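Trainee: Following this message is one structure expressed as structure tokens.
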Amino acid sequence: MGTKNIFNEWGIIITLLLIALPIIVASILAIVKAKAIIKNYLEKKEQERFNNYVKDLTPIEVEKLEQRKRALEFALSNNELSGKTQPVDNKGLIDNISTVETLRFIEQKKKSQPRPYIEPELSKLIIWYLGCATFWLLFGTTVGEYLGIKFVAPDVDHYSWLSFGRLRPVHTNAVFWGWASLAMMGLAYYVIPRVSNVPIASIRTGYRSLILINVSVVLGSLFLMAGINNGGGEYREYIWPVMALFGIGVFISLRNFFKTIAKRTTKEIYVSNWYIISAMMFLLVIAVVAYWPSWQTGLGETVVQGYYMHQGVGMWFMLFNLGLMYYFLPQQLNKPIYSYSLGILAFWAQILFYTLIGTHHFIFSAIPWWLQTVAIVGSAGMIIPVVAGTTNFLMTFKGSWHKLSGSYTLPFYLIGIIFYFTGSLQGTAEAFRFTNLVWHFTDFTVAHSHLTMYGIICFMLWGFIYTIVPRLTGKEPPQITVGAHFWLALIGLLFYTFPLMYGSTLRGLMWMEGTKSFIESVELMAPYWLWRAIGGSLMWLSHILFAYNFYVMVKRKDKITVPTSPIDILKAKQELDTQAQTN
Ligand code: HEM
Ligand code: HEM
């Protein structure tokens, strides 16, 4: 294996293609720039030719030009029609201009669309979901930030409660079940009744579900820090009674959604509801499979672990978010989704392939070779739903790209879609045998986890939250802090993941060569872990800005505006007069 040419491997080829994408974009930019330089050069030449022509002009030609200049400079006195009287703006045309365009420091983004009527009780419920989700994002990523720092300063503390092994699952479970899951469900409470055209079946159930999920994450985190865990694989470290609370929470909301959809006044069930309902059903299936008592030992447990892990990310987070995207994207662009049938094709292809790929987490393990091969083939098959979904979203954007620069939500959507394509195909590349041999035990997997869970899921969720909260509360977030949130999160993510991918490839190849000791590979990673801590810090800062924006959207008091225009002043006087009369 050691002498094999790695560039003949499909996984490496796909990864290089994905890396080539930004390089191609940069090359296009370079070509555009080069064209501009050549154009500039040709224009200079033209100028020289012109100067020579001017120098050689005869007096007759000069006279002709001056005559023409005089003719062109002829102007009216500008009071031919009005005479000498003073101008008066009787029709209020000039007074009506109330804004003066000045040079902008930042682009002025469009305000959110006018709000449709949403029952105030439902608005409150959704805001509670999103508020709790924001809290868990802050909590979970503060823990993640601390974990990242521990890679750079391993001796920073010596408390068992704060040890790496305990805090790592606190981070992953809090961001999974507390942040992303609560945000998704809160948004579903908005989408399901909207596309079914009926009110939600029960708001009270919504609160019960919210409480159950919150209690499960609080207890789960405390137990994990105290060292009480399931002992099993990743993302199912909560003990079963705690996970049961989460499962019941999702189950009762699922029933609530079923009841709402059953009462719908639309003929079709819109594609968003297909995705959302299936995601919730899958979550319950995988949670039962993951905790089923007789599947907790031996090799079977490993198969179950792979199944659980990948259905968790693919059939819960990804499926749910795709469903939300099918509602929010057309709505934001104010046009229908490019192709409804492509959406349905992507749905069934995802169900077919995603459910087969769990064992790609355990390539070269003792699991039967054929089962591993099925997972690899399924991972390649995932290209179908991913390409179908991405095409559908990008084609919906077609003709509306100009809206991107005037909107503070659409850039989040676009980045989520781009990472959906690149992050997922990166997963396909990782599943091949050769690449898995290089990357499996390295931090490459961690980079992939964040490119997907963060690049896809978080960016989409932020876009959706910035879309609906102003509609629920009528308050916009400050545009500058939304922009800062976006850029810090994006740049932070790139700093976090790219160095990790590069360092991990070197590390994996070093292991395969087999000539260096393990500790040398640890030393090799030190600078890349530092980059991760820097990137993580930028991401963490961006979450504080997001929390601030959320606070502003929910809590900011309506600004007192003193009327300045004559119409508003008269209106205010009228109101005051009527108030005085009634008192
Ligand atoms: C400030 C932002 C964040 C930082 C600094 C951070 C940091 C970390 C660190 C240090 C690890 C442990 C890696 C290891 O064991 O080598 C980790 C794991 C993980 N984090 Fe984060 N994280 C952040 C945000 C998030 C978010 C928002 C999500 C999901 C929504 C997430 C999902 C995960 C997952 C799934 C893992 C397990 C990775 C694996 O086993 O491959 N992280 N994170
Ligand atoms: C075409 C779709 C995808 C494929 C084929 C794929 C493939 C893979 C593979 C092969 C691994 C295991 C790497 C290893 O341990 O050696 C992996 C890990 C992971 N993937 Fe994906 N991936 C895909 C999409 C996604 C998406 C959409 C998400 C999240 C929304 C995601 C989240 C994760 C996470 C969190 C892990 C780490 C699991 C762990 O802790 O070991 N993946 N993926």
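Position 270, counted from 1, in the sequence shown is what the UniProt record's numbering calls 270; the numbers after and before it change by one each time, with no gaps.
Yeah, the Cβ is synthetic: ideal placement off N, Cα and C, and Gly gets one too.
Predicted model only: the values in this text are computed from it and were never measured.
1. Closest to Y420 by CA distance: which of S407, S449 and R433 is it?
2. Measure the alpha-carbon distance for F50 versus W401 and round it to whole angstroms.
3. Just reading off the alpha helix (DSSP H) that M453 is part of, what are its end residues?
4. Determine the direct distance from the alpha carbon of E430 to that of G231, and round the result to whole angstroms.
5. What would DSSP say about D157, mapped onto helix, strand or coil?
6. Using the three-state DSSP reduction, which class does G2 fall into: helix, strand or coil?
7. Regarding G144 and ligand 1, is the C-beta to nearest heavy atom distance less than 7 angstroms?
8. Would you report the Cα separation of F7 and I277, rounded to the nearest angstrom?
9. Count the CB pairs spanning the segment 509-524 and the segment 467-486 that are closer than 8 angstroms, and state whether there are at least three.
10. According to DSSP, is E269 part of a helix, a strand, or is it coil?
11. Tell me the DSSP secondary structure of T355 in three-state form.
12. Going by DSSP, what residue range makes up the alpha helix (DSSP H) through N392?
13. Hey, could you find the ends of the alpha helix (DSSP H) residue 595 is sitting in?
14. I'd like to know whether the C-beta atoms of V469 and V374 end up nearer to each other than 8 angstroms.
15. Buried or exposed: G399, going by 16 or more other Cβ atoms within 10 Å of its Cβ?
16. By a C-beta neighbour count over all protein chains shown, 10 Å radius and 16 as the cutoff for buried, is H171 buried or exposed?
17. Between the segment 210-227 and the segment 285-298, can you find at least three pairs of beta-carbon atoms closer than 8 angstroms?
18. For Q372, count neighbouring C-beta atoms within 10 Å of its own C-beta (all shown protein chains included) and say buried if the count is 16 or more, exposed if not.
19. Less than 7 angstroms separating the Cβ of N173 from some heavy atom of ligand 2?
20. Near G2, what residues of its chain come up, given a Cβ to Cβ distance below 8 angstroms and the 5 sequence neighbours on each side ignored?
21. Pair every Cβ in the segment 495-503 with every Cβ in the segment 160-167, then say whether three or more of these pairs are closer than 8 angstroms.
22. At 4 residues or longer, what runs of the alpha helix (DSSP H) sit wholly inside the segment 493-559?
23. Find out if the Cβ-Cβ distance for the pair F151, W529 is shorter than 8 angstroms.
24. What does the alpha-carbon distance come out to for the pair G178 and D577?
25. What residue range does the alpha helix (DSSP H) around P478 cover?
26. Beta carbon of T442: closer than 7 angstroms to some heavy atom of ligand 1?
27. Taking only runs of the alpha helix (DSSP H) that begin and end inside the segment 30-95, which ones reach a length of at least 4 residues, in chain order?
28. With DSSP run on the structure shown, which of helix, strand or coil describes P241?
29. Is I456 near ligand 3, going by C-beta to nearest heavy atom under 7 angstroms?
30. Just verifying my parser: in three-state terms, what is the DSSP assignment at G227?
31. Taking C-alpha atoms, which residue in G312, L219, G148 and I192 lies nearest to G206?
32. From F459 to K44, what does the alpha carbon distance come to, in whole angstroms?
33. Cα-Cα, which of M318, T396, G455 and G406 is closest to K110?
34. Quick one: using the 10 Å Cβ neighbour count with 16 as the cut-off for buried, is T265 buried or exposed?
35. Measuring only the C-alpha atoms, how far is T442 from W161?
36. Measure the beta-carbon distance from H440 to I363 and round it to whole angstroms, keeping in mind my assumption that it falls under 8 angstroms.
Mentor: Per the coordinate set shown:
1. In the sequence shown, the residue the question calls residue 420 occupies position 420. The residue with the shortest Cα to Cα distance from Y420 is S449.
2. In the sequence shown, counting from the first residue as 1, residue 50 sits at position 50. In the sequence shown, counting from the first residue as 1, residue 401 sits at position 401. If you take the alpha carbons of F50 and W401, they lie about 41 angstroms apart.
3. Within the sequence shown, residue 453 is the residue found at index 453, counting from 1. Neither: M453 is in no alpha helix (DSSP H) and is coded neither H nor E.
4. Residue numbering aside, residue 231 sits at position 231 when the sequence shown is read from its first letter. Residue numbering aside, residue 430 sits at position 430 when the sequence shown is read from its first letter. G231 and E430: Cα-Cα distance of roughly 27 angstroms.
5. Reading the sequence shown from its first residue, position 157 is the one you call residue 157. In this structure, D157 counts as coil in the three-state DSSP scheme.
6. Start at 1 with the first residue of the sequence shown, and residue 2 comes out as number 2. Caution applies to G2, whose pLDDT of 49 falls short of 50 and renders its modelled position unreliable; the value that the coordinates give is listed next. Here G2 sits in coil by DSSP.
7. Sequence index remark: in the sequence shown, residue 144 carries index 144 (1-based). Distances between the C-beta of G144 and the heavy atoms of ligand 1 include at least one below 7 angstroms.
8. The residue you call residue 7 lines up with position 7 of the sequence shown. The residue you call residue 277 lines up with position 277 of the sequence shown. If you take the alpha carbons of F7 and I277, they lie about 42 angstroms apart.
9. no
10. If you number the sequence shown from 1, residue 269 lands on position 269. Note on identity: in this sequence residue 269 is Ile, with Glu being the wrong assignment. DSSP places I269 in coil when its eight states are reduced to three.
11. Within the sequence shown, residue 355 is the residue found at index 355, counting from 1. DSSP places T355 in coil when its eight states are reduced to three.
12. On the sequence shown, position 392 is the one that residue 392 refers to. Note, N392: alpha helix (DSSP H), I383 to F397.
13. Because the chain spans 1 through 583 in this model, residue 595 falls outside it and cannot be assessed.
14. Sequence index remark: in the sequence shown, residue 469 carries index 469 (1-based). Sequence index remark: in the sequence shown, residue 374 carries index 374 (1-based). The answer is no: Cβ separation not under 8 angstroms.
15. As a first step, residue 399 is located in the sequence shown; it is residue number 399 there, counting from the start. The residue is exposed, with fewer than 16 neighbouring Cβ atoms inside 10 Å.
16. Numbered from 1 along the sequence shown, position 171 holds the residue referred to as residue 171. When all chains shown are included, H171 counts as buried.
17. no
18. Residue mapping note: residue 372 aligns to position 372 of the sequence shown, counting from 1. Q372 should be labelled buried.
19. Indexing the sequence shown from 1 puts residue 173 at position 173. No, since every heavy atom of ligand 2 falls outside the 7 angstroms radius drawn around the Cβ of N173.
20. In the sequence shown, residue 2 corresponds to position 2, counting from 1. Note on G2: pLDDT 49, under 50, position unreliable in the model; no value is reported.
21. No: fewer than three Cβ pairs fall under 8 angstroms.
22. 518-555
23. For the purposes of this step, residue 151 is identified with residue 151 of the sequence shown, where counting begins at 1. For the purposes of this step, residue 529 is identified with residue 529 of the sequence shown, where counting begins at 1. Yes. Within cutoff.
24. Numbered from its first residue, the sequence shown carries residue 178 at position 178. Numbered from its first residue, the sequence shown carries residue 577 at position 577. Rounded to the nearest angstrom, the two C-alpha atoms are 53 angstroms apart.
25. In the sequence shown, residue 478 corresponds to position 478, counting from 1. Segment: none, P478 is in no alpha helix (DSSP H) and carries neither H nor E.
26. Within the sequence shown, residue 442 is the residue found at index 442, counting from 1. False, no ligand heavy atom lies under 7 angstroms from that Cβ.
27. 59-73
28. Locating residue 241 in the sequence shown gives position 241, counting from the first residue. Helix.
29. As for ligand 3, it is missing from this structure, which binds only ligand 1 and ligand 2.
30. Mapped onto the sequence shown, residue 227 falls at position 227. Three-state result, G227: coil.
31. Position 206 of the sequence shown, counted from the first residue, corresponds to residue 206. Comparing alpha-carbon positions, the option among G312, L219, G148 and I192 lying closest to G206 turns out to be I192.
32. Here residue 459 refers to the residue found at position 459 of the sequence shown. Here residue 44 refers to the residue found at position 44 of the sequence shown. So the alpha carbons of these two residues sit roughly 47 angstroms apart.
33. Numbered from 1 along the sequence shown, position 110 holds the residue referred to as residue 110. Ranked by how close their Cα comes to the Cα of K110, the residues M318, T396, G455 and G406 have G406 in first place.
34. Within the sequence shown, numbered from 1, the residue matching residue 265 stands at position 265. By the neighbour-count rule (16 or more Cβ atoms within 10 Å), T265 is not buried but exposed.
35. As a position in the sequence shown, residue 442 is number 442, starting the count at 1. As a position in the sequence shown, residue 161 is number 161, starting the count at 1. Distance between the alpha carbons of T442 and W161 is about 26 angstroms.
36. One-based indexing of the sequence shown puts residue 440 at position 440. One-based indexing of the sequence shown puts residue 363 at position 363. Right, the Cβ-Cβ distance comes to about 7 angstroms (below 8 angstroms), so this counts as a contact.
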